[in-house]
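Using full-length UniProt numbering, the first residue of the sequence shown is number 410, and each one after it goes up by one. From the three backbone atoms N, C-alpha and C, an ideal C-beta is built for every residue, glycine too.
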Amino acid sequence: ECYVNPISGEMEGTLRGHLVGLRDRTEEERIDELKNEFVSIISHEIRTPLSSIVGFIEILATRAVTEEKRAKYIETIHKESLRLSNLINDFLDLQRLDSGRQEFHFQSLDAVLLLREIVEQWQGKDNHEAELHAAAEPIFVQGDEDRLKQVFHNLISNAIKYSPGATKIDIYVETDNGKVLIKIQDYGLGIPADALDKLFTRFYRVDNSDRRKIGGTGLGLSIVKEIIEAHHGKVVVDTELGKGSIFIVQLVEIDAE
Ligand code: ADP
């Protein structure tokens with residue numbers, strides 16, 4: 410009593426209820442597969458810095474090394490510990506966002522003021538100059554202040570990280586037909602076209618010789634995307650390899666309180 414629908418290719422008929430059950434189980438398996446993949450990536454990401462930390466501590470504890478080497482090993486231990494701690498924080502943030510356990514405290518915020526505060530914090534860091542371009546009047550959005558700060562710190566941190574030769578970062582706050590556009594522009598490495606569809610995927614990192622030495626977890630942009638989507642907004646990128654990138658966050662403009 411059951412047949413294959415020639416158009417959808419799916420089984421139909423009186424056994425349908427049962428088949429739906431089968432399809433559900435496949436979905437469950439798919440989720441399990443994703444989880445396993447996630448666990449194996451995360452354990453690799455943890456094991457690598459951890460084995461370097463353990464290795465260098467063992468050397469320091471058991472061998473006589475020159476002062477110069479000692480300083481270098483300690484610097485590596487410090488760097489790898491920070492990497493682990495960032496990874497765990499990013500990972501927990503994503504877990505909270507994914508499971509819906511992240512609470513958002515929405516309130517009306519002046520986007521210009523928010524960006525001004527953030528840009529001030531980045532001023533002069535790592536020899537970079539961040540400049541804000543915004544009108545004097547406030548532009549209001551409905552947002553969670555801490556989470557939006559996290560988004561823009563992430564994007565500015567990337568803009569600086571992936572611009573090894575350039576020193577300038579431009580930040581724009583604009584309105585367009587009821588939308589608020591916040592643009593973070595850098596003049597750095599840019600992003601290859603074939604990476605664009607994977608860019609906001611967790612753990613994805615562009616891998617080429619230019620950036621192999623630049624540290625990161627590949628989780629930052631997926632966190633950005635989830636937070637902005639929870640604000641009913643969008644994040645897009647306009648980029649050219651070797652010239653730089655503009656990350657554009659689009660939020661909904663609201664009237665003043
Ligand atoms: P991470 O920086 O930790 O690797 P992200 O999720 O923040 O992870 O970014 C993913 C990848 O996108 C990075 O590895 C990098 O190759 C690329 N990327 C992100 N922002 C920029 C940027 N402003 N310029 C060039 N490449 C970028």
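Query: Using beta-carbon positions only, say whether LEU523 and GLU476 come within less than 8 Å of one another.; Result: no
Query: Does the distance from the C-beta atom of THR648 to that of ILE600 stay below 8 Å?; Result: yes
Query: Please determine whether the Cβ atom of GLY629 lies at a distance below 7 Å from any heavy atom of ligand 1.; Result: yes
Query: Just the C-alpha distance for residue 378 and ARG525, rounded to the nearest angstrom, thanks.; Result: With the chain running from 410 to 666 in the structure shown, residue 378 is simply not present.
Query: Grab the span of the beta strand (DSSP E) containing TYR581 for me, first residue to last.; Result: 577 to 585
Query: So, with DSSP's three-state summary, where would you put SER508?; Result: coil
Query: Just reading off the alpha helix (DSSP H) that ALA520 is part of, what are its end residues?; Result: 520 to 531
Query: Taking 8 Å as the cut-off, decide whether the C-beta atoms of ILE565 and ALA602 are in contact.; Result: no
Query: What are the boundary residues of the beta strand (DSSP E) that VAL645 is part of?; Result: 643 to 649
Query: So GLU662 and VAL615 are in contact, right, with Cβ under 8 Å, and what is the actual spacing, rounded?; Result: Not quite, the Cβ-Cβ distance comes to about 33 Å (not below 8 Å), so this is no contact.
Query: For ASP507, count neighbouring C-beta atoms within 10 Å of its own C-beta (all shown protein chains included) and say buried if the count is 16 or more, exposed if not.; Result: exposed
Query: Suppose only complete runs of 3+ residues qualify. What are the beta strand (DSSP E) ranges in the segment 554 to 634, listed by chain order?; Result: 577 to 585, 588 to 595
Query: Any heavy atom of ligand 1 inside 7 Å of the beta-carbon of ALA545?; Result: no
Query: At the level of alpha carbons, what is the spacing between LEU518 and SER460?; Result: 44 Å
Query: Between ARG472 and ligand 1, is the CB less than 7 Å from at least one heavy atom?; Result: no
Query: Quick one: is GLU467 buried, meaning 16 or more other Cβ sit within 10 Å of its Cβ, or exposed?; Result: exposed
Query: Identify the continuous beta strand (DSSP E) that holds HIS640 and give its terminal residues.; Result: Where HIS640 is concerned, there is no enclosing beta strand (DSSP E), given that its DSSP letter is neither H nor E.
Query: Give the straight-line distance between the Cα atoms of ASN563 and ILE440, rounded to the nearest whole angstrom.; Result: 28 Å
Query: Consider the C-beta atom of residue 355 and the heavy atoms of ligand 1; say whether any pair is separated by less than 7 Å.; Result: Lying before the first or after the last residue shown, residue 355 is absent from the chain, which here runs from 410 to 666.
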